[in-house]
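Protein chains in written order, with numbering that gives the first Met the number 0: chain L, 0 to 294; chain P, 0 to 587.
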Amino acid sequence: MSNLDDFLSPESPTWCPGCGDYTILKCLKEALVTQGLAPHEVMVVSGIGCGSKVPYYLRSNGYDSLHGRALPVAQGIKLANHALKVIVVSGDGDSMGIGGNHFLHAMRRNPDITHIIENNQIYGLTKGQFSPTSPKGFVTSTSPDGSLEAALNPMVLGVAGGATFVSRTFSGDVRHMVETLVRAMKHRGYSVIDVLQPCVTFNKINSFKWYKERVYDVTKSADYRPQDRKWAFAKALEWGEKIPIGVIYEDTSTPTYEDQVQVLQEGPLAERDERERPIHWRVLAGEEKLKRAFC
Amino acid sequence: MITNDMTIKIGGEAGMGVESGGAGLTRALARGGLHVFGFSDFMSRIRGGHNFFQLRAGVSEVFTFAEEVHLLIAFTKDCIERHRHEVAAAGAILYDEALGVDPESMPGRGVLACPVPFSKIAVETGGDPIMANTCAIAAAAGITGYDFERIREVLEENFKKKSEKVAAGNIAVAQAGYRYAKEKYSAGFKYRLQAIGGRKTEDRMILNGNQALAMGAMAAGCKFIAAYPMTPATSIFEFITAHASEYGIVSKQTEDEIAALLFAIGAGHAGLRAMTCTSGGGFCLMVEALGLASMSETPVVVAEVQRVGPSTGFPTRTEQSDLEFAIHASHGESPRIVIAPATVEECFEAGWRAFNLAEKYQCPVIILSDLHLSSHLQSIDKNRLDFSKVKIDRGELLTRGDLEKLRDYKRHLVTDSGVSPRAIPGHPRSVYVTTSDEHNEYGYAVEDAETRNKMMEKRMRKLETAAREDMRPPLLYGDPDADYTFLCWGSVYGSVRESVDLLGKRGVKANVLRFADLWPFPIEKARPFLERARHLVVVENNYTGQLAHLISRCACVEMDTKILKYSGRPFSPEEVIANLREEARIHV
């Protein structure tokens, strides 16, 4: 069992007052405690950006990697030690701009990783440029006449790309976010959470109020069918006057990547072999056989 | 008669079995106790074009190829056109009778025209024209009087994997081709190959640098490889992957090279001995992650098998042009270790040693190989790859017992050596964060100047420690009291070494100083060798002389002569000597 204090870091967040990242940090801690996870059982991997500073402010194993590169680092860690609960925290630019290719391929593999996409539709840490999720026409310092590019929608990509768990939550609804995070982390497979959050400093359009007026909990709909990919796709495409939040897609039948790697079935590689035997004992035993193939 | 000292060249289009036939013949010769060196020259295409495989056989160890060909096996007319001038006096050209070659097109000098009905025998005896290459290599054994049994053995092993029928067909074709060439041409041909008695066939291995490197990595307990296929590094990835399940290794093909190194860094961070392999173009994409490994002090091994650049360059040809790139790759200044094996055996050693260095210094280690080294086949005695001599040094890795006693763990503790005790994540007492940002000893990002200076100095200090404790001096071959000292690194060594021997026979005293540990450059260990040399001649497969630059900047020693080649083709010993003659104006 763990409690919130276990996850208390000596570092203080540097985010702007009112930033949605505070809520994400708080909810993440609550979600971990809810599941009874201890800091040493968790590995939080992030990219670069405001939200990617989470590993500093959450006491757990952490790896703050490079911009856009959290997913491959996290997948390497998971393959080496699948006993760790691996969580990726990265922004919209991180996940869908510079790291877009990694996102596509992570979906195909279904690693047992939870991916929190902190989506504020803007590049905040570089002080306000349009991001891959900014709407067309979005005016920023690098798009003074309005962005000419259409926005990417993480939910649409998630359902289309084969992610086995696709969801959205909103930083203005703490209870909803904790519930969604817990459900995502309990999912065995790649779980994507699109977190809508205002950037209080640089995004004057998608404000707290803007979201509050639009979001609705899709899990409470009469026709809620998260196992139905077509339904999920239709919900993912909804964006405008009404924006669905909640789990829209959940596939529990696809095995995780780790489940399919034969050598991982005896347990996490990082914890095996080394304790009692030299790490190369298997190869030492196979020396003659390996060499014979070349004679 | 000249016995057991000859070069055979096999040429034809891609898809005709040039390389597989060549490799089969190489193996059959090694089985007979001969030493062999074989390399292929192939184009970046699947069918057509012109490829060749060249093998040299001798009684003692062969370190390189020779230009003079004694037996040319041609599958196409084009092959004869291209290579007939290379055939030695009284050599022979074996070709498919069906090519309709005009015997007048032979180069003279007593070179025998030896048509053999390769494809006719393949179809009539084996039932498949694809077996023409089998017929050809058996004919080569026939004309040289080599023991047919060795050919049969290799064919049986190679083809019974497909089916007994395929194996039997190939053996029948080989028998017919062997008999034809032996009866018709052997008496008139003065070059002979003969199995050496008294040796067990399994004493000798035939392998290339990539296979040796991969085996070395496995022998080091490498548990993780992530890569994106790229010539000429792919066979490292394939070899380890083929053995992954048996030896408890995770192999992951990733979406690109960016991800490949990052996967390996993740696995390395989580405690596995992890690696990736690529060529220069893929290494370009890994540069960002290389800096991350240095900054987060994550052990990881990158095998960079160089090919011709820049850009796509020549995908299937050799070059040594990434030395300075490997030393400096990544923005900022960061520690990494670069080692460059020069022989197949050294590839094996580099394969395991790299993991020790990576864990000891908690930084990336780059093994710089090159296409020629990665793909030429060489015979070595089996006991020379001795797994029991592989040492495992995991550096300052905290054991389970250490972890139980931990208090206030600082992952990036500042130490005299620059190396901090490393905990594998997952233990309650070693919960820590690490980062690509500048950070303090705990791993938290900071921005103050004092910490920056301390951490920068700590990381860079690892290079001083490594140069002192682990980087080896250059290796000298030849007379220490020589008039000419060649300097080289990587695969070029094989030919330069032989040049030294040839020069010695011609009365010129030369030696070769070979650099294997390139970064951090072992300045103090290299200096005595450099100061003693009279005339320094660098030989490199690149345009700018990158080893020469390195020696110049580190040891303030300038070359007297530079022999550089960037055509994508390896140096032959004769070529090194010809260049020396021209560049250094000496008469040899």
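From the three backbone atoms N, C-alpha and C, an ideal C-beta is built for every residue, glycine too.
Source: prediction; values computed, not measured.
DSSP places P/A137 in the uninterrupted alpha helix (DSSP H) bounded by 131-143.
At a cut-off of 7 angstroms between beta-carbon atoms, L/Q261 makes contact with chain P. For the C-beta of P/I248, the chain L residues within less than 8 angstroms are, from N- to C-terminus, V262. In chain order, D63 make up the part of chain L whose C-beta sits under 7 angstroms from the C-beta of P/T434. Residue-level contact by beta carbon fails for L/E287 and chain P, as no gap is shorter than 7 angstroms. Rounded to whole angstroms, P/A583 and P/I92 show a C-alpha spacing of 37 angstroms. At a cut-off of 7 angstroms between beta carbons, P/Y443 contacts chain L. The beta carbon of L/N2 sits closer than 7 angstroms to the beta carbons of V32 from its chain, once the five residues preceding and following it are set aside; these are given in chain order.
P/E332 is outside the set of residues whose beta carbon lies under 7 angstroms from a beta carbon in chain L. Chain order gives no chain L residues near P/K409, where near means a beta carbon separation below 8 angstroms; the closest approach is about 13 angstroms.
For P/I120 and P/P102, the gap between their C-alpha atoms comes out near 21 angstroms. DSSP lists P/Y483 as the beta-bridge partner residues of P/A509.
Rounded to the nearest angstrom, the gap between the Cα atoms of L/D63 and L/S51 is 7 angstroms. The shortest C-alpha to C-alpha distance from P/G57 to any of P/S19, P/S162, P/E12, P/R191 is the one to P/R191. Burial check for P/T253: the Cβ neighbour count within 10 Å reaches 16 or more, so the residue is buried.
Against L/S94, chain P offers no close residue; the least beta-carbon distance is about 14 angstroms (beta-carbon pairs closer than 7 angstroms). Between P/E156 and the set L/P12, L/P9, L/F293, the nearest pair of CA atoms involves L/F293. For P/Y177, the secondary structure class from DSSP, reduced to helix, strand or coil, is helix. At least one CB atom of chain P sits nearer than 7 angstroms to the CB of L/R68.
Taken through DSSP and simplified to helix, strand or coil, L/G96 comes out as helix. With a beta-carbon spacing of about 6 angstroms, L/S45 and L/S89 fall inside the 8 angstroms limit used to define contacts. When C-beta distances to chain P are compared with 8 angstroms, the residues of the region 95-121 of chain L below that value are N100, H101, L103, H104, in chain order. Nearest C-alpha to P/T2 among P/G126, P/Y145, P/G10, P/E85: P/Y145.
Note on L/N119: 16 or more other CB atoms within 10 angstroms of its CB, so buried under the neighbour-count rule.
Shown here, L/P243 sits in a strand according to DSSP, grouped into three states. Secondary structure note for P/F117: its alpha helix (DSSP H) is the uninterrupted segment 117-120. Counting only runs of 4+ residues, the alpha helix (DSSP H) found wholly inside the region 401-474 of chain P occupies 448-468, in chain order. Close to chain P, meaning a Cβ-Cβ distance shorter than 7 angstroms, are the following residues of the region 9-20 of chain L: E10. Bounds of the beta strand (DSSP E) holding P/M274 are 273-277.
At a beta-carbon threshold of 7 angstroms, none of the residues of chain L lie near P/E66; the nearest stands roughly 28 angstroms away. When L/V43, L/P16, L/M0, L/C18 are compared, the shortest CA-CA separation from L/M184 is found for L/V43. Rounded to the nearest whole angstrom, the C-alpha separation of P/F485 and P/E123 is 54 angstroms.
Residue-level contact by beta carbon holds for L/L268 and chain P, with a gap shorter than 7 angstroms. The C-beta of L/R281 comes closer than 7 angstroms to at least one C-beta of chain P.
Going by beta carbons, P/A341 and P/Y492 fall inside the 7 angstroms limit.
Between the C-alpha atoms of P/D202 and P/E152 there is a straight-line separation of about 16 angstroms.
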